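Structure, as structure tokens:
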Amino acid sequence: MASFLGITIPVFLIALSGYIIWRSTDGFETAADYLGRNLTRGIKGATINAIASSMPEFLATLFFLFYVADEGQFEDSFSGGIGITAGSAVFNILIIPIVVLFWVAITGKYHRIPLDKKLLKRDGIFLVAANLILLFIIRQRMLGVVDGVILVLIYLGYLFVLWKMLKKSPRKPNSSTPYILPSSRGMLKQIFMIDVTSWIMKGRTINARLAWTQLFISAVIMCIGTWLLVEGTQLLGSNEYSFLGFQGLTGLNIPIIFVSVILAAAASSIPDTMISMRDARKGNFDDSICNTLASNIFDISFALGFPLLLYTLINGPIEMSEMVRRWSLGIWMILFLINLVVIPIFIHSKNIGGKTGLVLLAIYVLFVFFIVEESVQSQWINRVIDLIIK
């Protein structure tokens with residue numbers, strides 16, 4: 002039976018990781034704004050912003066495979082990556098548009114988020130295709146190098162399409178914000194707030210060297226936050242563990258994929274949320290919405306694919322247990338259905354308003370309900386999964 006301390010410690014670690022990941026987002030945004038100044042709207046959000054904001058999912062999958070698996074704490078450590086990317090993808094497509102809508106509404110500037118159908122069709126097609134291919138991959142019991150290559154190739158194909166679009170619509174450099182103003186925060190507050198921008202820029206004119214330095218340091222800080230996220234996730238799902246001298250602590254004793262798909266996914270989606278909010282505040286709605294869809298494409302194809310490719314090259318194929326395989330198929334099947342519903346709503350709507358926001362929120366509540374109630378064990382989902390496996 003789970004103990005109070007056994008649950009409190011990992012929940013605290015997950016909350017702390019969320020704070021660290023959130024604060025590291027500031028450094029990413031400043032550097033990404035400069036490095037992406039020549040990119041067309043809708044492409045910056047789909048590339049630099051999406052990759053930067055999806056780093057937690059990518060790093061978490063690496064940690065689950067190379068850290069958790071090496072400790073022998075979970076038989077199916079890859080399921081942590083599957084869960085966190087699936088949960089993050091659901092959060093991105095359903096919750097982030099609601100948060101952005103609320104954010105721009107309280108500023109008084111906008112009450113709806115305009116949508117670009119061309120960009121939505123581009124990202125929607127790749128997202129649905131990537132989701133479908135992943136379903137066919139995880140229906141297998143053994144995952145190997147070929148599966149990792151297929152997923153990575155999906156993202157490379159997406160980047161190729163973006164590159165072709167960029168060639169057709171080059172953008173002049175944006176020099177409207179060439180300076181980084183010195184922070185008014187004191188040194189202790191800068192440390193507490195993890196103010197990477199103040200540490201690196203110090204009021205100087207931004208340039209490529211400073212931007213890449215800031216991006217690198219932000220990535221290191223995000224690595225620390227993601228490691229804490231993975232540690233908290235695997236402790237919360239474990240049966241019995243020790244931590245910092247505490248012995249015999251007991252967690253929830255549930256599959257790691259269950260913890261990662263809700264709690265860890267929400268924490269890892271903080272960068273996506275913050276970057277989308279800030280783009281929307283600047284009026285860059287194309288980047289704001291494209292970031293959410295492109296982040297999901299990155300999560301499905303590269304954040305899962307590259308760690309899978311790297312791990313199987315070094316250690317050989319990954320064999321998933323029957324339970325984890327069915328859980329994974331159930332969760333990703335639900336996400337596939339969500340994509341089939343939400344993306345057409347986006348494409349056929351001129352903008353996202355209050356009614357659309359309520360629909361998205363209702364779908365997310367249903368998703369959480371299904372997970373909490375272990376819906377993948379229900380008869381109708383089991384029958385569909387049996388058909389997929391066969």
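Under the working numbering, residue 391 is the last one in the sequence shown; the count climbs by one each step, no gaps.
From the three backbone atoms N, C-alpha and C, an ideal C-beta is built for every residue, glycine too.
None of the values given here were measured: they were computed from a predicted structure.
Original post:
By a C-beta neighbour count over all protein chains shown, 10 Å radius and 16 as the cutoff for buried, is arginine 326 buried or exposed?
Top reply: Buried.
Original post:
With burial defined as no fewer than 16 other Cβ atoms inside 10 Å of the residue's Cβ, what is the status of leucine 60: buried or exposed?
Top reply: buried
Original post:
Are at least three pairs of beta-carbons, each pair with one atom in the segment 202–213 and one in the segment 150–164, less than 8 Å apart?
Top reply: no
**OP:** Measure how close the beta-carbons of proline 272 and isoleucine 22 come, nearest whole angstrom, since I'm counting them as under 8 Å.
**Re:** 6 Å
**OP:** Leaving out five residues on either side along the sequence, give the residues of the same chain with a beta carbon under 7 Å from the beta carbon of asparagine 297.
**Re:** Ala90, Asn93, Ile94, Leu128
**OP:** Report yes if the C-beta distance between leucine 152 and glycine 306 is below 9 Å; otherwise report no.
**Re:** yes
Original post:
Under 9 Å between the Cβ atoms of leucine 237 and proline 11?
Top reply: Against a cut-off of 9 Å, the Cβ pair of proline 11 and leucine 237 comes out as a contact.
**OP:** Pair every Cβ in the segment 281–291 with every Cβ in the segment 129–149, then say whether three or more of these pairs are closer than 8 Å.
**Re:** Touching, no, given that fewer than three Cβ pairs across the two stretches are closer than 8 Å.
Original post:
Does the beta-carbon of serine 131 have 16 or more other beta-carbons within 10 angstroms, so that it is buried, or is it exposed?
Top reply: Note that residue 131 is alanine in the sequence shown, not serine. Alanine 131 is buried by the Cβ-count criterion.
**OP:** Could you tell me which of Arg38, Gly331, Leu229 sits nearest to tyrosine 20, measuring between CA atoms?
**Re:** Leu229
Subject >> Straight-line Cα distance separating threonine 234 from isoleucine 258 >> reply: 9 Å
Original post:
Do you know whose CA, among Ala106, Leu133, Gly81, Ala266, lies nearest leucine 341's CA?
Top reply: Here the closest residue by C-alpha is Leu133.
**OP:** Can you give me the start and stop residues for the alpha helix (DSSP H) that tyrosine 68 sits inside?
**Re:** Unbroken run through tyrosine 68: none, as it is neither H nor E.
Subject >> Those residues which DSSP pairs with isoleucine 319 across a bridge >> reply: Leu144
Original post:
Taking the alpha carbon of phenylalanine 67 as the point to measure from, which residue in Leu144, Lys356, Leu309 has its own alpha carbon closest?
Top reply: Leu309
Subject >> Strand pairing of phenylalanine 244, partner residues [DSSP] >> reply: According to DSSP, phenylalanine 244 bridges with Phe247.
Original post:
Taking the continuous alpha helix (DSSP H) assigned at proline 11, which residues delimit it?
Top reply: 5–36
**OP:** Find out if the Cβ-Cβ distance for the pair serine 239, glycine 252 is shorter than 9 Å.
**Re:** yes
Original post:
CA-CA distance, phenylalanine 79 and proline 345?
Top reply: Cα to Cα, the separation comes out at about 31 Å.
Original post:
When you compare each of Phe368, Asp300, Ile15 to isoleucine 83 by their alpha carbons, which one comes out closest?
Top reply: Asp300
**OP:** Can you tell me the Cβ-Cβ gap for serine 261 and glycine 81, rounded? I've got them flagged as a contact below 8 Å.
**Re:** Taking 8 Å as the upper bound for CB-CB distance, serine 261 and glycine 81 are in contact here, some 5 Å apart.
Original post:
Among Trp213, Ala209, Met166, Ile222, which one has its Cα closest to the Cα of phenylalanine 193?
Top reply: Ile222
Original post:
Shortest alpha-carbon distance to alanine 295 belongs to which of Ala53, Thr26, Leu36?
Top reply: Ala53
Subject >> Sequence-distant residues of the same chain with beta carbon closer than 7 Å to leucine 102, five excluded per side >> reply: Ile114, Ile353, Gly358
Original post:
So, are the CB atoms of leucine 135 and tryptophan 333 less than 9 Å apart?
Top reply: yes
**OP:** Would you kindly report the start and end of the unbroken alpha helix (DSSP H) that includes isoleucine 257?
**Re:** 257–260
**OP:** Assuming phenylalanine 368 and isoleucine 335 form a contact by the criterion Cβ under 8 Å, report the distance between their Cβ atoms to the nearest whole angstrom.
**Re:** 6 Å
**OP:** Provide the residue span of the alpha helix (DSSP H) that contains aspartate 280, from first to last.
**Re:** Its alpha helix (DSSP H) spans residues 271–282.
Original post:
According to DSSP, is asparagine 352 helix, strand or coil?
Top reply: strand
Subject >> Classification of glycine 331 by the beta-carbon crowding that lies within 10 angstroms, buried from 16 upward >> reply: buried
Original post:
In the DSSP assignment, what residue or residues form a beta bridge with proline 115?
Top reply: Asn352
Subject >> 6 Å CB neighbourhood of glutamate 241 in its chain, flanking five on each side removed >> reply: Thr251
Original post:
leucine 253 by DSSP, collapsed to three states: which one?
Top reply: coil
Original post:
Over what stretch of residues does the alpha helix (DSSP H) that includes phenylalanine 193 continue unbroken?
Top reply: 188–193
Subject >> Proximity winner among Trp200, Trp104, Ile339, Thr227, relative to alanine 267 (alpha-carbon distances) >> reply: Thr227
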